[in-house]
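There are 2 protein chains.
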Amino acid sequence: MIEAKAVAAPGDLREGEIAVELPERFDASLYYIGRIHTPWKRREDCPKNPRETDAVCTIVLDPRWAGGLAGLETVSHVVVLYWMDRARRDLVLQAPHHYAERRGTFALRSPVRPNPIAVSVARLIRIEGNRLTVVGLDCVDDTPLLDIKPYFASIDSVPDASVGWHARQSKE
Amino acid sequence: MIEAKAVAAPGDLREGEIAVELPERFDASLYYIGRIHTPWKRREDCPKNPRETDAVCTIVLDPRWAGGLAGLETVSHVVVLYWMDRARRDLVLQAPHHYAERRGTFALRSPVRPNPIAVSVARLIRIEGNRLTVVGLDCVDDTPLLDIKPYFASIDSVPDASVGWHARQSKE
């Protein structure tokens, strides 16, 4: 649909990592609808997962979209989608440095993936105008925002879900 | 970053709905990495929410990305991101026909939003080559796939989350 150069793949591969050739063109396009402000200026400072931190973060929505927040003040948690714009997109097998084994991109929550969209659940503290105060994000400061959705426990919560490879890892 | 014409906004507004002018350019772009096959050929046939159905759906990943599935066979549930390519993108206030009141786009799970990315949790039945058999999706057949992630109960599950406006509505 939309023609564009594939993004360059910066950096080197770790042992066992496999990159594929990216498609020649993109199929759809995104608007950044705001920015996420967090205490972490560099990726290496970010918490390893969003439940590790009580840091208060601020989502600043572009004023254009602020009318879309009506009714959101009644929810306890939001699903936040954001764009991990620094990540390469061409790896299918990855060896994250904190895991011993390499795994497929779709078995990991790594930012490195064909479409680097992160999905995080955050607790909503308050909304003032176009600013949301939340707890539970772990991204770098100034991350581009893609979407905010209400979190419905009835469809989004699966307390007994399991990730076999991770459970085994944690026991080792 | 990427210049492109804003998509046309098809269809008419319902009473009370408010559209904004879309930004002049896009900021990032997506690859369709596969297709989701479901029993529903038209949007009006789809279940109203994914927990309403036991229908078995098939996610067919483009062979290019199949190596990314390594390790995913150990998970019980996946987060599936897909692109709702038929939705208009310019509404901030919406009046979905099954709700009495209009609400902000970000307080709804409607496909109509600036970036029409859906997030669904599905139970993984099996993986064979580049095909995943899952239960718990409610999209129309042939929907473009954007991402698959492992669902971690530790970060993704909030059983006591609430959506105030919806709880009140359900009681009415």
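Protein sequences, first through last, are from chains V and E.
Per this note's numbering, residue 11 is the first one in the first sequence, and the count goes up by one each step.
Per this note's numbering, residue 11 is the first one in the second sequence, and the count goes up by one each step.
Virtual Cβ for every residue (Gly too), placed ideally from N, Cα, C.
- Item | DSSP-derived helix/strand/coil call for D22 (chain V) | In the first sequence, the residue the question calls residue 22 (chain V) occupies position 12. The answer is coil: DSSP assigns D22 (chain V) none of H, G, I, E or B.
- Run through DSSP, which three-state label would S130 (chain V) get? Residue numbering aside, residue 130 (chain V) sits at position 120 when the first sequence is read from its first letter. It is a strand residue.
- Message: Can you check whether the C-beta of Y161 (chain V) is within less than 8 Å of a C-beta belonging to chain E?
- Response: For the purposes of this step, residue 161 (chain V) is taken as residue 151 along the first sequence, with counting starting at 1. By this cut-off, Y161 (chain V) is an interface position.
- Message: Just verifying my parser: in three-state terms, what is the DSSP assignment at P49 (chain V)?
- Response: Within the first sequence, residue 49 (chain V) is the residue found at index 39, counting from 1. Reduced to three states, the DSSP call for P49 (chain V) is coil.
- Message: Which of the three DSSP states is assigned to G77 (chain V) in this structure?
- Response: Within the first sequence, residue 77 (chain V) is the residue found at index 67, counting from 1. The answer is helix: DSSP assigns G77 (chain V) an H, G or I state.
- Going along chain V, which residues have a C-beta under 7 Å from H87 (chain E)? Here the question's residue 87 (chain E) lines up with position 77 in the second sequence. At a beta-carbon threshold of 7 Å, the residues of chain V lying near H87 (chain E) are V168, A171, ordered along the chain.
- Message: So for A177 (chain E), helix, strand or coil by DSSP?
- Response: Position 167 of the second sequence, counted from the start, is the residue given in the question as residue 177 (chain E). A177 (chain E) carries a helical assignment under DSSP once its states are collapsed to helix, strand and coil.
- So, is P124 (chain V) buried or exposed, given that buried needs 16 or more other C-beta atoms within 10 angstroms? If you number the first sequence from 1, residue 124 (chain V) lands on position 114. So P124 (chain V) ends up on the buried side.
- Residues bridged to L142 (chain E) by DSSP? In the second sequence, residue 142 (chain E) corresponds to position 132, counting from 1. According to DSSP, which records beta bridges pairwise, L142 (chain E) is partnered with E:I69, E:I137.
- Query: So, using beta-carbon positions, are E27 (chain E) and Q104 (chain E) closer together than 8 Å?
  - Reply: Along the second sequence, one-based indexing puts residue 27 (chain E) at 17. Along the second sequence, one-based indexing puts residue 104 (chain E) at 94. Cβ atoms of E27 (chain E) and Q104 (chain E): closer than 8 Å.
- Where does the unbroken alpha helix (DSSP H) through I165 (chain V) begin, and where does it stop? The count along the first sequence starts at 1 and reaches residue 165 (chain V) at position 155. Its alpha helix (DSSP H) spans residues 163 to 166.
- Closest by C-alpha distance to S164 (chain V), when choosing among E:T153, E:D152, E:G146: To locate residue 164 (chain V), count along the first sequence from 1; it is residue 154. Ranking E:T153, E:D152, E:G146 by Cα distance to S164 (chain V) puts E:G146 first.
- Starting from D157 (chain V), follow its DSSP beta bridges and name the residues at the other end. For this step, residue 157 (chain V) is matched to residue 147 along the first sequence. DSSP output for D157 (chain V) lists V:L91 as bridge partner(s).
- Nearest CA to the CA of F186 (chain V): which residue from E:C67, E:V131, E:C149? Beyond the ends of chain V as shown, which are 11 and 182, falls residue 186 (chain V); an answer cannot be given.
- Message: Is P106 (chain V) close to chain E? Criterion is C-beta to C-beta, closer than 8 Å.
- Response: Looking up residue 106 (chain V) in the first sequence gives position 96. No, no contact with chain E.
- Query: Should N140 (chain V) be flagged as near chain E, meaning a C-beta pair shorter than 8 Å?
  - Reply: As a first step, residue 140 (chain V) must be located in the first sequence, where it is residue number 130. Closer than 8 Å: no.
- Answer yes or no: does any C-beta atom of chain E fall closer than 8 Å to that of W50 (chain V)? Counting from one through the first sequence, the residue named residue 50 (chain V) turns up at place 40. It does not: the Cβ of W50 (chain V) has no partner Cβ on chain E nearer than 8 Å.
- Query: Which residues of chain V have a Cβ atom closer than 8 Å to the Cβ of V90 (chain E), listed in chain order?
  - Reply: Numbered from 1 along the second sequence, position 80 holds the residue referred to as residue 90 (chain E). Under the 8 Å cutoff, chain V gives no residues; its nearest Cβ is about 10 Å from V90 (chain E).
- Task: Answer with yes or no whether the minimum CB distance from A110 (chain V) to chain E is below 8 Å.
- Result: As a first step, residue 110 (chain V) is located in the first sequence; it is residue number 100 there, counting from the start. Answer no: the Cβ-Cβ gap between A110 (chain V) and chain E never drops below 8 Å.
- Item | Of the listed residues V:T153, V:P106, V:I127, nearest to K58 (chain V) (C-alpha basis) | The count along the first sequence starts at 1 and reaches residue 58 (chain V) at position 48. The closest CA to that of K58 (chain V), considering only V:T153, V:P106, V:I127, is found on V:P106.
- Residues of chain V with CB under 7 Å from A65 (chain E), in chain order? Start at 1 with the first residue of the second sequence, and residue 65 (chain E) comes out as number 55. Going along chain V, no residue has its Cβ under 7 Å from A65 (chain E), so there is no contact; the nearest lies around 15 Å.
- Roughly how many angstroms lie between the CA atoms of G78 (chain V) and D72 (chain V), to the nearest whole one? The residue you call residue 78 (chain V) lines up with position 68 of the first sequence. The residue you call residue 72 (chain V) lines up with position 62 of the first sequence. Whole-angstrom Cα-Cα distance: 11 Å.
- Query: Tell me which same chain residues have a C-beta within less than 7 Å of the C-beta of I137 (chain V), skipping the five on either side of it?
  - Reply: Translated into positions along the first sequence, residue 137 (chain V) becomes position 127. L79, L82, E83, listed in sequence order.
- Of all Cβ atoms in chain E, is any one closer than 8 Å to the Cβ of R53 (chain V)? The residue labelled residue 53 (chain V) in the question sits at position 43 within the first sequence. Closer than 8 Å: no.
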